[in-house]
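Engineer:
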Amino acid sequence: MRTTASLRLVTDARRADLAESVAHASSQQVRSVLRVDVPEGEAGWVNCGRLLSDAAGFAAWRASLAEWLDERYGDAPERTTAGYVMTWYLGVPGYLAALLFHHERRVPSLRPEHLAFRTARPRPHPDSIAVLDTRFVCLPDDPAADSRDATVVPDEHALAAVLRGRFTAHAARFIEAFAPTVRFGRHTLWAAATDALDDSMLLAGRYGGDEGAGVLDASLLLPARLGPLTSGSTMRPAETGWTRRRESCCFHYLLDQGQGPCSTCPRIVPK
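Taken in order, the sequence shown gives residues 397 to 667; the numbers are from my numbering.
1. Buried or exposed: where does serine 629 fall if 16 or more other Cβ atoms within 10 Å of its Cβ makes it buried?
2. Use the C-beta contact count for phenylalanine 647: other C-beta atoms within 10 angstroms, 16 or more gives buried, fewer gives exposed.
3. In this structure, how does DSSP classify leucine 555 when only helix, strand and coil are distinguished?
4. Nearest-angstrom Cα distance between glycine 487 and aspartate 595?
5. Tell me which residue opens and which closes the alpha helix (DSSP H) that aspartate 466 is part of.
6. How big is the Cα-Cα spacing for arginine 579 and aspartate 433?
7. Where does phenylalanine 570 fall in DSSP's three states?
8. Going by C-alpha distance, which of Val442, Asp606, Thr564 is nearest glutamine 424?
9. In the structure shown, what three-state DSSP assignment does valine 388 receive?
10. With 16 other CB atoms within 10 Å as the buried threshold, where does glutamate 467 fall?
11. Looking at the unbroken alpha helix (DSSP H) that takes in arginine 642, where does it start and where does it end?
12. Measuring CA to CA, which of Leu618, Gly601, Leu617 is closest to tryptophan 610?
13. Using only the alpha-carbon positions, how far apart do threonine 636 and leucine 593 sit?
14. Check whether the Cβ atoms of arginine 431 and leucine 599 sit closer than 8 Å, and answer yes or no.
15. Assign alanine 588 to one of three DSSP states: helix, strand, or coil.
16. Which partner residues of cysteine 534 appear in the DSSP bridge assignment?
17. So for leucine 511, helix, strand or coil by DSSP?
18. DSSP state of arginine 602, grouped into three classes?
19. So, using beta-carbon positions, are valine 549 and leucine 535 closer together than 8 Å?
20. Under a three-way DSSP split, which group does leucine 430 fall into?
21. Is the number of C-beta pairs between the segment 473 to 485 and the segment 447 to 465 that are closer than 8 Å three or more?
22. Going by DSSP in three states, alanine 620 sits in which element: helix, strand or coil?
23. What is the residue span of the alpha helix (DSSP H) that alanine 415 lies within?
24. Can you give the beta carbon distance from serine 644 to alanine 588, rounded, assuming they're within the 8 Å contact cut?
25. Taking the alpha carbon of histidine 498 as the reference point, which residue from Arg507, Glu552, Met631, Asp450 has its own alpha carbon closest?
26. Quick one: is arginine 351 buried, meaning 16 or more other Cβ sit within 10 Å of its Cβ, or exposed?
27. Just the C-alpha distance for tryptophan 638 and threonine 515, rounded to the nearest angstrom, thanks.
28. What is the residue span of the alpha helix (DSSP H) that arginine 446 lies within?
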């Protein structure tokens, strides 16, 4: 049975393969370019699997970020560069998966080896994401359910569980690689992973024109605290729409600007 959220997403468009789904999901937002391959000869792409196997890649990324932050705020503390990179990296699998689930009811492979991203300049955030495997998981009524690339699950709860499991597996590999390079505990790292998934679903709804649908999908994906993730969805209504309480801190407040923590920071928003 379809949920209220998915009823809002039914359209006449019928996607034949993952590439068409990714193109459609990409067109529904403005934050990143999504694609199903890495353009031949285009520099700057980073394979997630290779990055996780070489900690030097994170050091170089943080150094590039420190230069950009230094130009704008002065000295950038290590915790701030670590917090930014942690948030940005986890947003790669989280955002791609949220968009495809929200708009297409499909879940792609989220194995690190099957994802790549490109960072922008001068602010070195991921501005493009590529999935490098055309296989996907879908529902029985998917138009491509009988294709060789599709694996069918019985309902939306099962599909959400696949997404959550694949994202959590990717996040676990990230944490194993990243944790030795930073002064963050495991709870902080898993809190950031939880934020990446929950926040991405809110953005999918917001950019797609229906925040409420994104909130419903977030509750389907994170109905409660399901370890090692640190909470269920923390969405709540606000004056101008929907917001959420973050589980982790990005440490932006440590920059010399006198603004203090963000309004959604767990340092100031009670559970």
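Virtual Cβ for every residue (Gly too), placed ideally from N, Cα, C.
The model shown is predicted, which means the values in this text are computed figures rather than measured ones.
Structural biologist: Answer, in terms of the structure:
1. Buried is the call here.
2. Buried, since its Cβ has 16 or more Cβ neighbours within 10 Å.
3. In this structure, leucine 555 counts as helix in the three-state DSSP scheme.
4. Going by the C-alpha atoms only, they are around 9 Å apart.
5. Where aspartate 466 is concerned, the enclosing alpha helix (DSSP H) starts and stops at 452 to 469.
6. In a straight line, the C-alpha of arginine 579 is about 34 Å away from that of aspartate 433.
7. The three-state secondary structure of phenylalanine 570, taken from DSSP, is helix.
8. Nearest C-alpha to glutamine 424 among Val442, Asp606, Thr564: Asp606.
9. Beyond the ends of the chain as shown, which are 397 and 667, falls residue 388; an answer cannot be given.
10. Exposed is the call here.
11. First-last for arginine 642: undefined, no H or E at that position.
12. It should be noted that the sequence gives glycine, not tryptophan, for residue 610. Nearest neighbour of glycine 610 by Cα position, chosen from Leu618, Gly601, Leu617, turns out to be Gly601.
13. Each residue's Cα considered, the two are about 22 Å apart.
14. It is not a contact, given that the beta carbons lie outside the stated cut-off.
15. DSSP places alanine 588 within a helical segment (H, G or I) once states are collapsed to three.
16. Cysteine 534 is bridged by DSSP to Arg502, Val548.
17. In this structure, DSSP gives leucine 511 an extended state, which the three-state scheme calls strand.
18. In the structure shown, arginine 602 adopts helical secondary structure according to DSSP, grouped into three states.
19. Yes, the pair counts as a contact, with Cβ atoms nearer than the cut-off.
20. In this structure, leucine 430 counts as strand in the three-state DSSP scheme.
21. Contact holds: three or more Cβ-Cβ distances are below 8 Å.
22. Here alanine 620 sits in coil by DSSP.
23. Residue range 414 to 423 is occupied by the alpha helix (DSSP H) that includes alanine 415.
24. The C-beta distance from serine 644 to alanine 588 rounds to 4 Å, short enough to meet the 8 Å contact threshold.
25. A check of alpha carbon separations from histidine 498 across Arg507, Glu552, Met631, Asp450 identifies Glu552 as the nearest.
26. Since the first and last residues shown for the chain are 397 and 667, residue 351 lies out of range.
27. Cα to Cα, the separation comes out at about 29 Å.
28. DSSP places arginine 446 in the uninterrupted alpha helix (DSSP H) bounded by 444 to 448.
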